[in-house]
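Below is one structure, written out as structure tokens, with a few remarks after it.
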Amino acid sequence: MITAAVEEKETYLNASHGVKSWLLTKDHKRIGLLYLFTITFFFFVGGVFATLIRLELLTPHGNLVSSETYNKLFTMHGVVMVFFFLIPSIPATLGNFFLPLMIGARDLAFPRINLLSWYLLVIGGLFAIFAMVAGGVDTGWTFYTPYSTSYSNTWVIATALGIFVAGFSSILTGLNFIVTVHRMRAPGMTWFRLPLFVWAHYATALIQVLGTPVLAVTIVLVFCERMFHIGIFDPALGGDPVLFQHLFWFYSHPAVYIMILPAMGVVSELVSTFSRKAIFGYGFVAFASVAIAVLGFLVWGHHLFVSGQSLFAGMVFSFLSYFVAIPSAIKVFNWTATLYKGSISYATPMLYAFGFIGLFTIGGLTGLFVACLGIDVHVTDTYFVVAHFHYIMVGGAIMGYLGGLHYWWPKITGRMYPEGWAKLSAGVIFLGFNLTFFPQFILGYLGMPRRYHVYPDEFQVLHVLSTAGASVLAVGYLMPLVYFIWSLKYGAIAGRNPWKATGLEWQTDSPPPVHNFDEIPVVTHGAYDYSTTVGEGVQGG
Amino acid sequence: MTTPHVDSVKTYAAVWIALLLMTGLTTGVAYIDLGAFSVVIALTIAACKMALVALFFMHVRHSTKLTKLVVLGGLLWLAILLSLTMADFATRGWLGA
Amino acid sequence: MSFQLFPVEASSIAAEVDQLLFFLIAVAAFFTIVIFSAIFYFAIRYRRRSDNELPAVIHGSIPLEIVWTVIPFGLTMVMFTWGASIFFRERRPPDNALPIYVVAKQFMWKLQHVEGQREINELHIPVGRPVKLTMTSEDVIHSFFVPAFRTKQDVVPGRYTTTWFTATKPGKYHLFCAEYCGVNHSGMGGWIYAMEPQDYQTWLSGGTLGASLAENGQKLFESLACGNCHKADGSGRCPALGGLFGKDVKLADGSKATADEGYIRESILRPEAKIVAGYEPSMPTFQGLVTEEGVLELVEYIKSLGPTPGAGQAEGLTVPASR
Amino acid sequence: MVSEPRVETLALREQFNTAEQQKDASSLGMWIFLITEVMFFGGMFAAYTVYRSIYPGVFGAASRTLNATLGAINTAVLLCSSFTMALAVRAGQLGRRKQIMAFLILTLILGMVFLGVKGYEWNEKYVEHHIPGPAFHMEGAGLQDHAQLFFSLYFAMTGLHALHMVVGAGLLALLLYQTYRGRFSAAYYTPIDMVGLYWHFVDIIWIYLFPLLYLIDRHGPRP
């Protein structure tokens, strides 16, 4: 019985067949995969826009596309990457798939709502794609008024609607995660036995739930203003466009933490597994996630230092901004300290973790520059800021995402990816990334404003370097797409726990059965307990 | 399964009458010129009404600590949004800038 | 094609900003080196040697957590204080600054000197003297950015924003629009010409010197028949304007307003927003009748008016505004 | 009594272990959803606060054109509907099907009365040219623009509130149908409880909208 059954054991992948069984699934694992396909599609759409932007900037005089097209390119790059790739990226794919597994639950608390939130993302995405195909939108992803409400002649409303709908997708995911973590933990899974990935997602969910509605209502107001010409932000009626910026950044600054916190959660898992040690200062790292989520709501005004915001408010927001630096620093120091006296493996996910820590360190430290009033006046709205947030959102969030995808690929598919190719692509991505974005810090301090189609000749050398880096980066991103697909058929069979990690997700089959565990585990240890045996899942008793 | 706490109809009716009285009160007081205090009183009465609805009609007083925390957290976040936004608009022109 | 790695310092604040930058770079470099070398060292020193190796169990260290919480916190407070002190000065123009008026629109900068010179996408200024820009936009948000001066300020429609700088080095410097404003955003740039004071004087007196800004304002004032109500002796239906600028005005609702550029602009375009105590709201709006540049001329004219001797001060006018 | 456990088993979804866990999860989920609603309206409250602080006079004048009597009546109507909703939930707790239906119907009727009065008020605004746009005109207030700001916010806030009422009414109708079909009992009445929370929340929003929109500055500018 055993030998025959192992071959054909029922998994979430083969339990049912057909398109309908996927499109109507309530299984968090299948929904995670639906998200994976969706955001991969949007990642490459956004990537095409990025490629065109970088190609255009090879020359200073705007030879490739018109200014109109260029403005649409950077707008759609931002909209697609932020709202349709980065925000759903880790939470909706890896989070969806692994959060219930890691806490020992059969599913999320609200599986139907989970499916609904995927549909909302798709519907939102269709609006956005319609806007792009119909002629594009040129307001910048920030939709500043009054340009977006009264001056732009592009598809603002369709895009805004898309973001509005996708926002509800994000809210529902967050709601689902919070309830799941509170109510669905396996017996013995106390808060301080939770993997840090779960802590990070809990913190992320708080932001999604508390921040996103404000973006939604802001979009509604912009929508009304553009449709009916009522004035909420319209200076012609005495409205204040700076109010729009306040409401927009109330969400959109914490939104950066929606992107980076889950990546930090992934990195905590990777660092622990691949050095075979408990995360140094577990409690501090866990609370740092929550602290970042909470403090992240107090700092939005640092996007408005030169906007005409009051001097007093500028000082308050700069002061508060520095408080976010502390929990971020705590995380980096603790990850590094975890390596001390560890048993460090160089498997691909760990390479991504190293890359993440390095790039996030640079991204975070340059955050100190832009939080600093005296410096920010000069560098805001320049390539310095562009470089800074790409270090966080690409160097941080995407490195974390790819690291997590490699780490859990064996669990998701039951197959190993090809290690050699994966290491190569991790290296290519790291190099390409730095070559793309490091020159942009220098460009920014020199005074190169962002969203410029045509620029002075003296900036060209640095732009050429950046574009060269972008081509390397593009190759790096295409490689995993190829070898992941290849591995589905040709990859080595992974087994339950290829990394000899401790989490509950490694104690079930790869790929997991429909209800995750044949028997709900009873948890007897904290996450990352490597004190007794190597591997074979020691968290469950 | 724990049985829910069933409040008496009397309790609900008392809360209902209190709410109606407060509605009358806030409307009446609005016509008295109290300067800046008008707003304070209106908002205080509104807060009391909200508390009654939440505690009794929405059963917050019988709820878990977690539910109470969620309610307070929501109000705190609203306060953050309003106060830090006003930190700009109320201080335009301060510090001679 | 020239290539540079660091921008020129051409304003009094630029060197200070750069010093702060170097401090921040030093801190950032220190931590980057510490983290990178620790990762490299640990990764090599403690690399996995056998597949079943079990390293020592370490859970954490409270003293270390305190150290790496307190030290970064101290450093960030230095950064905050230093940055805020620069910002504080950057945002408060000195009283003796040379006023320049800026009206931005898609996709050009219109700049006016008090003496009457108008420039488009070019600004001539003297070195060694603070220059204060009073700016507004006719359409969307723009941003006045001069990298060589390390200064930037958004230009917002519907209100005035200000910025100031003292150029220290004669030369020709980029002016950029830094807030995305539409199709030709990247073309909305120009040049700042910082000149030695005597060259600046020559430039001022050269060219077609028309009427000064205040004189233009006076002409506009007369052509709009503002004087019919705003009588100089205070006997009109509306307050006299002599000596008004910079004073505190008592308003009908009991509050006070300082008669600065923004107040005068609002009073012309939305006269009923702030009614001076003792007057009826009888003034019509001049929105659509006066351009933003016209409003600035009127502002400058009203600024130039001294108190009319013997005239009854408008009731609303009280003590000089204390800065 | 015999049918009770069957209903409970039917209602227990597979991801949960116990009915209590499921009920707790629903309740927590609903509360978190309400918090998102607080933040959603919060954005408009922020806009209101900002503009009222900048233009107190015009906001007062515009507010005085609203019909405070109708506003107060509508507030009372909504509070009554909250009362009947609370009683409907109570009837659910006790598993009294007929009472549930009666109170749900009352709540629905009161909700409709509220929307009717609101519609009447909006129509008044239309007749008086108080709808923001080119035709906007307000007697007395010279500052047409800023008064439009007030009415833009008025329509945005009351409009979105009314939209929530409509959704609530739909949910009530659904509950009625389900109650009629005998879906609920003392062991399982979670949907009634959840819709109740939603309905009370919509009431709370109005508890704030009423004084902020109708009652500010009723006595006019002071000399």
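Here the protein sequences line up with chains S, E, Y and W, keeping their order. Sequential numbering from 4 applies to the first sequence in this note's numbering. Sequential numbering from 10 applies to the second sequence in this note's numbering. Sequential numbering from 273 applies to the third sequence in this note's numbering. Sequential numbering from -17 applies to the fourth sequence in this note's numbering. Backbone N, C-alpha and C define an ideal beta-carbon position, used for all residues, glycine too.
Leu218/S: which of Glu19/W, Asn105/W, Leu10/W, Leu88/W sits nearest, CA to CA? In the first sequence, counting from the first residue as 1, residue 218/S sits at position 215. Of the candidates Glu19/W, Asn105/W, Leu10/W, Leu88/W, the one whose C-alpha sits nearest the C-alpha of Leu218/S is Glu19/W.
Can you find the residues in the same chain that come closer than 6 Å, C-beta to C-beta, to Gly177/S, ignoring five residues on each side of it along the sequence? Position 174 of the first sequence, counted from the start, is the residue given in the question as residue 177/S. Within the same chain, Gly177/S has close Cβ partners Ala208, Gln211, Val212.
Just checking my contact of Tyr472/Y with Pro398/Y at CB under 8 Å: how many whole Å lie between their CB atoms? Taking the third sequence and counting its residues from 1, one reaches residue 472/Y at position 200. Taking the third sequence and counting its residues from 1, one reaches residue 398/Y at position 126. Between Tyr472/Y and Pro398/Y, the beta carbon gap of about 4 Å places them in contact (Cβ cut-off 8 Å).
Taking just the CA atoms, how far does Tyr260/S sit from Asp42/E? In the second sequence, residue 42/E corresponds to position 33, counting from 1. In the first sequence, residue 260/S corresponds to position 257, counting from 1. Between Asp42/E and Tyr260/S, the C-alpha separation is close to 47 Å.
Of all the options Tyr458/S, Leu314/S, Asp141/S, Ser153/S, which has the alpha carbon lying nearest to the alpha carbon of His2/S? The structure shown does not extend to residue 2/S, since chain S is modelled only from 4 through 544, so no value can be given for it.
Cβ of Ala39/W less than 7 Å from any chain Y Cβ? Residue numbering aside, residue 39/W sits at position 57 when the fourth sequence is read from its first letter. For the sequence presented, residue 39/W should be read as Gly rather than Ala. Answer yes: the Cβ-Cβ gap between Gly39/W and chain Y drops below 7 Å somewhere.
Verify the CB distance criterion: does Trp103/E have a CB-CB separation below 7 Å to chain S? Within the second sequence, residue 103/E is the residue found at index 94, counting from 1. Among the CB atoms of chain S, one or more fall inside 7 Å of the CB of Trp103/E.
Is the separation between the beta-carbon of Thr73/E and that of Thr57/W shorter than 7 Å? For the purposes of this step, residue 73/E is taken as the residue at position 64 of the second sequence. For the purposes of this step, residue 57/W is taken as the residue at position 75 of the fourth sequence. No, these two residues do not count as a Cβ contact at 7 Å.
Helix, strand or coil: how does DSSP classify Gly544/S here? Here residue 544/S refers to the residue found at position 541 when the first sequence is read from its first residue. Only weak support is given to the placement of Gly544/S: the predicted model assigns it a pLDDT of 46, under 50, and the value that follows is read from those uncertain coordinates. In the structure shown, Gly544/S sits in coil (DSSP, three-state: anything other than H, G, I, E or B).
Following the continuous beta strand (DSSP E) through Trp463/Y, name the residue where it begins and the one where it ends. Numbered from its first residue, the third sequence carries residue 463/Y at position 191. Where Trp463/Y is concerned, the enclosing beta strand (DSSP E) stretches over 462 to 467.
Residues of chain S with CB under 7 Å from Asp16/E, in chain order? For the purposes of this step, residue 16/E is identified with residue 7 of the second sequence, where counting begins at 1. Simply none; closest approach about 25 Å.
Check for me: the beta strand (DSSP E) holding Ser409/Y runs from which residue to which? On the third sequence, residue 409/Y is found 137 positions in, with the first residue counted as 1. Segment 402 to 409, the beta strand (DSSP E) holding Ser409/Y.
To the nearest angstrom, how far is the alpha carbon of Asn17/S from that of Thr416/S? In the first sequence, residue 17/S corresponds to position 14, counting from 1. In the first sequence, residue 416/S corresponds to position 413, counting from 1. Taking the straight line joining both Cα atoms gives about 11 Å.
Express the C-alpha separation of Ile297/Y and Phe275/Y in angstroms, rounding to a whole number. Start at 1 with the first residue of the third sequence, and residue 275/Y comes out as number 3. Start at 1 with the first residue of the third sequence, and residue 297/Y comes out as number 25. Each residue's Cα considered, the two are about 22 Å apart.
Near Tyr15/S, which residues of its chain fall below 7 Å by C-beta distance, leaving aside the five closest residues on each side in sequence? Translated into positions along the first sequence, residue 15/S becomes position 12. The answer, listed in chain order, is Asp30, Lys32, Arg33, Pro514, Pro515, Pro516, Val517.
Quick one, are the C-beta atoms of Ser134/W and Gly234/S less than 7 Å apart? Translated into positions along the fourth sequence, residue 134/W becomes position 152. Translated into positions along the first sequence, residue 234/S becomes position 231. It is a contact, given that the beta carbons lie within the stated cut-off.
Would you mind giving the Cβ-Cβ distance between Ile358/Y and Leu292/Y, rounded to the nearest angstrom? I have them listed as a contact below 8 Å. Taking the first residue of the third sequence as 1, we reach residue 358/Y at position 86. Taking the first residue of the third sequence as 1, we reach residue 292/Y at position 20. That pair is a contact at about 6 Å.
At 3 residues or longer, what runs of the beta strand (DSSP E) sit wholly inside the region 296 to 380 of chain Y? Inside the region 296 to 380 of chain Y, DSSP marks whole beta strand (DSSP E) runs of 3 or more residues at positions 370 to 377, from first to last along the chain.
Identify the contact partners of His128/W in chain S, using a Cβ-Cβ distance below 8 Å as the criterion. As a working mapping, residue 128/W is identified with position 146 in the fourth sequence. By Cβ distance, chain S contributes Leu240, Gly241.
Answer yes or no: does any C-beta atom of chain E fall closer than 7 Å to that of His546/S? Outside the modelled stretch of chain S, which goes from 4 to 544, sits residue 546/S, for which no answer is possible.
In the DSSP output, which residue or residues are listed as bridge partners for Cys449/Y? Numbered from 1 along the third sequence, position 177 holds the residue referred to as residue 449/Y. BP columns for Cys449/Y point to Phe416/Y.
7 Å Cβ cutoff, Val49/E in contact with chain W: Reading the second sequence from its first residue, position 40 is the one you call residue 49/E. For Val49/E, the answer is no, since every Cβ of chain W falls outside 7 Å of its Cβ.
Contact between the region 273 to 281 of chain S and the region 320 to 339 of chain Y (3+ Cβ pairs under 8 Å): yes
For Ser283/Y, which of helix, strand or coil comes out of DSSP? For this step, residue 283/Y is matched to residue 11 along the third sequence. DSSP, reduced to helix, strand and coil, places Ser283/Y within a strand of the structure shown.
Exposed or buried, Gly346/Y, counting other C-beta atoms within 10 Å across all chains shown (16 or more means buried)? Along the third sequence, one-based indexing puts residue 346/Y at 74. Gly346/Y is exposed by the Cβ-count criterion.
Report the residue from Ala1/W, Ser64/W, Val71/W, Arg46/W whose alpha carbon sits nearest the alpha carbon of Asp175/W. Locating residue 175/W in the fourth sequence gives position 193, where the first residue counts as 1. If we check each option's Cα against that of Asp175/W, Val71/W comes out closest.
Min CB distance Leu28/E to chain B below 7 Å: The question asks about chain B, but that chain is absent: this structure's protein chains are S, E, Y and W.
Which residues in the same chain as Met67/W place their Cβ atom closer than 6 Å to its Cβ, once the five residues preceding and following it in sequence are excluded? Here the question's residue 67/W lines up with position 85 in the fourth sequence. These residues qualify, in order along the chain: Thr89, Gly178, Trp181.
So, for Pro330/S: in the same chain, excluding its five sequence neighbours on each side, which residues have a beta-carbon less than 8 Å away from its beta-carbon? The sequence position of residue 330/S within the first sequence is 327, counting from 1. So the list reads Phe290, Ala291, Ser292, Ala294, Ile295, Leu298, once near-sequence residues are dropped.
Considering Arg390/Y, what are the terminal residues of the beta strand (DSSP E) in which it resides? Here residue 390/Y refers to the residue found at position 118 of the third sequence. That run of the beta strand (DSSP E) goes 390 to 392.
Expressed to the nearest angstrom, what Euclidean distance is found between the alpha-carbon atoms of Gly443/Y and Ser283/Y? As a position in the third sequence, residue 443/Y is number 171, starting the count at 1. As a position in the third sequence, residue 283/Y is number 11, starting the count at 1. In a straight line, the C-alpha of Gly443/Y is about 11 Å away from that of Ser283/Y.
Anything in chain W within Cβ reach of Ala99/E, meaning under 7 Å, just list it in chain order. In the second sequence, residue 99/E corresponds to position 90, counting from 1. The contacting residues are Ser35.
Can you tell me where the alpha helix (DSSP H) with Trp463/S in it begins and where it stops? Here residue 463/S refers to the residue found at position 460 when the first sequence is read from its first residue. Residue identity differs from the one stated: residue 463/S is Gln in this sequence, not Trp. Where Gln463/S is concerned, the enclosing alpha helix (DSSP H) stretches over 463 to 493.
Kindly indicate which three-state DSSP category Arg418/S falls into: helix, strand or coil? Looking up residue 418/S in the first sequence gives position 415. Residue state, collapsed to three classes: strand.
Please compile the residues from chain W whose C-beta is within a distance smaller than 7 Å of the C-beta of Ala219/S. Counting from 1 along the first sequence, the entry for residue 219/S is found at position 216. Correct list: Phe22.
Let me know the secondary structure DSSP gives His68/E once reduced to three states. Along the second sequence, read from residue 1 onward, the residue named residue 68/E stands at position 59. Reduced to three states, the DSSP call for His68/E is coil.
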